[in-house]
Amino acid sequence: MIGLVDYGAGNLRSVYNAFSHFGEKVKICVAGSDIATVDKLVLPGVGSSQDAMNGLLKADLLNPISDFLKKGKYFLGICLGLQILFENSEESGGTKCMGLISGNVKRFAVSSELKIPQIGWNTVKFVRKDCPIFKGIPDKSYFYFVHSYYCSASDKTNIAGLTEYGVPYTSILWKDNIFATQFHPERSQETGLKIIENFIKL
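The sequence shown finishes on residue 361 if you use the working numbering, and the numbering steps up by one all the way, no holes.
Here it is, written out as structure tokens:
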């Protein structure tokens, strides 16, 4: 069973539908007791990192997520669900995040050539070609992005995919049983659904 973390940000339907597309049972996790019952966990994200962290704290979900990961079970973060895995974010004047991944989240520099936020399709260069969620997907495939902040991982071995938007940044992360994408696989058509299918099959 797939667990979908709900910390009050809403907009879970598209992610729910993407996993249900493959016949998976999906459980909305609003409490630690929910997380304890699932086989894989997905942390989607919209809004700000500060709101997300406040929502996770208020729902007392941080320790259950940590306990889940310590068991070696597979985890997928999506968009903001990637960013809050890091130590800190520049968003909202500075936000302390979960600290599961070394590195920080930075705002794209203002530029006359690039629109902020980045909205639309961009390519991902597969850095770690052995990453299991890449199976059957060509390198430099296009995925759908919506974000104003980007992740800078301190440990380069955690970077599975890179995307260029003014600067190169971590668009796919892989550390042990933790996978996360800056793009929205549920909105990335067939290539995005393949990412989800590969995660399900882990």
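By construction, the Cβ of each residue, glycine as well, lies at the ideal position given by its N, Cα and C atoms.
Residues sharing a beta bridge with S300, DSSP | Reading the sequence shown from its first residue, position 141 is the one you call residue 300. Note: S300 sits in a beta bridge opposite V283.
Distance, A168 Cα to T322 Cα = Residue 322 sits at position 163 when you count from the first residue of the sequence shown. Residue 168 sits at position 9 when you count from the first residue of the sequence shown. Rounded to whole angstroms, T322 to A168 spans 26 angstroms at the Cα level.
Closest to S300 by CA distance: which of T340, K284, C310 is it?
-> Position 141 of the sequence shown holds residue 300. Answer by Cα proximity: K284.
Expected contact under 8 angstroms - CB spacing of D165 and V185 to nearest Å = On the sequence shown, position 6 is the one that residue 165 refers to. On the sequence shown, position 26 is the one that residue 185 refers to. Their Cβ separation, rounded to whole angstroms, is 11 angstroms, which puts D165 and V185 out of contact at 8 angstroms.
At which residues does the beta strand (DSSP E) containing P327 begin and terminate?
-> If you number the sequence shown from 1, residue 327 lands on position 168. Run containing P327: 326-334, per the beta strand (DSSP E) assignment.
State the Cα-Cα distance for the pair L239 and F181, rounded to the nearest angstrom.
-> Position 80 of the sequence shown, counted from the first residue, corresponds to residue 239. Position 22 of the sequence shown, counted from the first residue, corresponds to residue 181. Taking the straight line joining both Cα atoms gives about 24 angstroms.
Pick helix, strand or coil for Y309, following the three-state DSSP scheme.
-> Indexing the sequence shown from 1 puts residue 309 at position 150. In the structure shown, Y309 sits in a strand (DSSP, three-state: E or B).
Apply the 10 Å Cβ neighbour rule to G253 and answer buried if 16 or more other Cβ atoms are within range, or exposed otherwise.
-> Within the sequence shown, numbered from 1, the residue matching residue 253 stands at position 94. Exposed: under 16 other Cβ atoms inside 10 Å.
Return the chain-ordered list of same chain residues with a C-beta closer than 7 angstroms to the C-beta of P276, the five sequence neighbours on each side being excluded.
-> As a first step, residue 276 is located in the sequence shown; it is residue number 117 there, counting from the start. Once the five neighbours on either side are set aside, the close Cβ partners of P276 are V305, H306, S307.
Can you check whether the CB of N247 is closer than 7 angstroms to the CB of N222?
-> As a first step, residue 222 is located in the sequence shown; it is residue number 63 there, counting from the start. As a first step, residue 247 is located in the sequence shown; it is residue number 88 there, counting from the start. No, the Cβ-Cβ distance between N222 and N247 is not below 7 angstroms.
Measuring CB to CB, does N357 end up less than 7 angstroms from K294?
-> As a position in the sequence shown, residue 357 is number 198, starting the count at 1. As a position in the sequence shown, residue 294 is number 135, starting the count at 1. Their beta carbons are under 7 angstroms apart, which means N357 touches K294 by this criterion.
Once you ignore the five residues that flank I296 on each side, which residues in its own chain have a CB closer than 6 angstroms to its CB?
-> Locating residue 296 in the sequence shown gives position 137, where the first residue counts as 1. Same-chain partners within the cutoff: T350, K353.
Per DSSP, which residues does A339 bridge with? Please list them.
-> The residue you call residue 339 lines up with position 180 of the sequence shown. DSSP output for A339 lists G236, L332 as bridge partner(s).
Can you tell me which of S192, L241, I194 puts its alpha carbon nearest to the alpha carbon of Y309?
-> Here residue 309 corresponds to residue number 150 of the sequence shown, with the count starting at 1. The shortest Cα separation from Y309 among S192, L241, I194 belongs to L241.
Have a look at S270 and D226 and give me their C-alpha separation to the nearest angstrom.
-> Start at 1 with the first residue of the sequence shown, and residue 270 comes out as number 111. Start at 1 with the first residue of the sequence shown, and residue 226 comes out as number 67. Rounded to whole angstroms, S270 to D226 spans 41 angstroms at the Cα level.
Using a threshold of 7 angstroms, state whether the C-beta atoms of E183 and I355 are closer than that.
-> Working through the sequence shown from its first residue, we reach residue 183 at position 24. Working through the sequence shown from its first residue, we reach residue 355 at position 196. Contact: no.
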